[in-house]
Amino acid sequence: MQLLPEVESNQTVCSLEDKLKALQSHFTWELQPRRPNFKCELNILQDIGSDEGNVWLGHVYNLQGFIQYQLGSSEDALNLFNRAAETFQRQKNADEGPWLMVNFGNLAWLHHHLGEDEKSEDYLSKVDGLMRKYPPGLEQVLAEKAWTLMMFDKEKKQQAAELFQRAIRMQPDTVEWQSSYAILSAENIDEKIKKLFADRLEELRSAKERDPGNLCIAALHLEAKAASIKHEARELAEKILERPMNNYCGIDPLLSLYRKHISVDEAVEIAKEALRKHPDSRYVKRSAAKCYNNKILSHRSDHDPRRTKEAISLWEEVVAAYPESSLQEKITLADLQAKLDKEKAEQIYKELLEQRQDLDAEGLQMLYCHYAKHLYFMKCNSRESTEYHMRAAEIQETSKYRQKSLRELEKTLKRNTDPEMCREIKEFLEKLNIQPSESVKTLTIRLTGEETM
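Per the working numbering, the very first residue in the sequence shown carries number 2; after that it's consecutive.
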């Protein structure tokens, strides 16, 4: 039986889409942005750097192209995918290879979305050709997916680590995969670095030996050792400050190293030196601003109006340089402004509250929790502060901000002598099925005359 033309067309589209769904591509990896929106993610990628020495440059362009498509700019996406292909070919000194598998898949998807199915089929044929020429389970595809998840999706860090491990087992002599896996393993190093598992420390040491030119790895390894490192750290700082600034240059872990293990003041001095050497780098401005912020907002820090003004000016430049600045950065600017001008700080918070419909659940919790602290410490408004902590806590999303607000509500029960407020908090916690601690129960009975269940 001969099919009608429209039926044949529908079957062709279905067949094409089935093939597309089987590809290894940014369009099939179910990527979720780890920052509030795709524009913020694009800003971060632009800070990675576009110098030819960046071995991940083709992967960067692939991911930027996918983000531009998500933002509705198919033309920019096409340009970036083509730039990715050119970069791979130039860096590999070859017209084709398995490293083009994901890129061809992206182009196949994009042309399909543009209604150009003939071009889409052409790229599918190119993918088929690569699949026949190279074995399945390509390590280059595994590594690109691992890098993409590492950069883009915080919920899939474990999957990224496993993919890197698989790629490394298949091709153990690729230094950038080893280094990226070591960075991924070390991303959560904090002030308890001395308790880092021995195997993680060994991974960093080995990665540094394999890739001596990777200054980010070198900075993370120094942080892990955390002992008698001042002279070595200074030498590393001099090297880093002479390099182009991007988020693989090592400046962030270097400043973290100084803050935690040497001196916050010295960290600030290095940040100043970085600004002097790289005055036009928005990435350096952001790194330096975070360093200033750590110094000024520390409870141990004496208030220095001059330094606070410097920090505010720097953060204002950062927010201006990143049009889609993160909520955290705007809150930081508000908290710094509160040191000198409470009204300006209040204005920033009011603007953020007016735009809260754009925030996800955790973003709302962050905003309410920080604003509650602002109301309590800067405006001495305990009642309204409590109301905002309750707003943060009633959002059913597990996060550190919800836990902070719940702890503050319990503290309020302990220290507040207003029976009506204590009753409201107690009823609120009961509605959330959260039981106050025993000491809070006793105090609540004394203040309200009611027994807490």
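C-beta atoms are modelled at their ideal positions from N, C-alpha and C, and glycine is treated no differently.
The model shown is predicted, which means the values in this text are computed figures rather than measured ones.
The Cβ-Cβ distance between Lys-278 and Leu-256 does not fall below 8 Å. For Val-319, the secondary structure class from DSSP, reduced to helix, strand or coil, is helix.
In the displayed model, Arg-244 falls within coil according to three-state DSSP, outside both helix and strand.
If you look at Trp-178, you'll find it in the alpha helix (DSSP H) that goes 176-187. Around the Cβ of Phe-378, a 10 Å sphere holds fewer than 16 other Cβ atoms; the residue is exposed. Take the alpha-carbon of Gln-404 and the one of Asp-342: they are about 29 Å apart. Straight across, the Cα-Cα distance linking Ser-75 with Asn-104 is about 15 Å. From the listed residues Ile-349, Tyr-284, Met-152, Leu-115, the smallest Cα separation to Ile-252 is found for Tyr-284. Between Leu-17 and Glu-117, the CB-CB gap reaches or exceeds 8 Å. Taking the CA atoms as reference points, Tyr-323 sits about 7 Å from Asn-44.
Judged by DSSP secondary structure, Pro-254 falls within the alpha helix (DSSP H) whose first and last residues are 252-258.
When secondary structure is reduced to three states using DSSP, Pro-324 falls in the coil class, being assigned neither helix nor strand. Within the segment 305-376, the alpha helix (DSSP H) runs of at least 4 residues that lie entirely inside it are, in chain order, 306-322, 328-341, 343-355. Under the 8 Å Cβ criterion, the segment 123-133 does not count as touching the segment 167-187, having fewer than three qualifying pairs.
By the criterion of at least three beta-carbon pairs nearer than 8 Å, the segment 353-365 is not in contact with the segment 307-325. Looking only at Arg-408, Leu-414, Met-391, the smallest Cα-Cα distance to Phe-429 is reached by Met-391.
One Cα belongs to Lys-310, the other to Glu-318, and the distance between them is close to 12 Å.
For the pair Ala-373 and Tyr-350, the CB atoms are not nearer than the 8 Å cut-off. Residues Leu-376 of the same chain have their beta carbon placed closer than 8 Å to that of Asn-382, with the five preceding and five following residues left out of the count. Fully enclosed alpha helix (DSSP H) runs of no fewer than 4 residues occupy 39-47, 58-71, 75-93 of the segment 39-95, in order along the chain.
Exclusion of the five residues before and after Asp-48 leaves Asn-247, Asn-248, Tyr-284 as the residues of its chain whose Cβ lies within less than 6 Å of its Cβ. In this structure His-112 is in contact with Tyr-124, their Cβ atoms being roughly 7 Å apart against a cut-off of 8 Å. Counting every other CB atom within 10 Å of its CB across the protein chains shown gives Asn-434 a total below 16, marking it as exposed. Less than 8 Å divides the Cβ of Cys-250 from the Cβ of Cys-217. Looking at Glu-42, Tyr-259, Gly-59, Pro-280, the one whose alpha-carbon comes closest to that of Gln-92 is Gly-59. Taken through DSSP and simplified to helix, strand or coil, Ala-23 comes out as coil. Phe-39 and Gln-71 do touch by the CB rule: their CB atoms are close to 5 Å apart, below 8 Å. Around the Cβ of Thr-88, a 10 Å sphere holds 16 or more other Cβ atoms; the residue is buried. The beta carbons of Ile-271 and Lys-231 sit about 12 Å from each other, so the pair does not count as a contact at 8 Å.
Leaving aside the five residues that flank Ala-268 on each side, the residues in its chain whose CB is nearer than 7 Å to its CB run, in chain order, Leu-256, Tyr-259, Arg-260, Cys-292. Separation of Ala-86 and Glu-145 (C-alpha to C-alpha, rounded to the nearest whole angstrom) is 14 Å.
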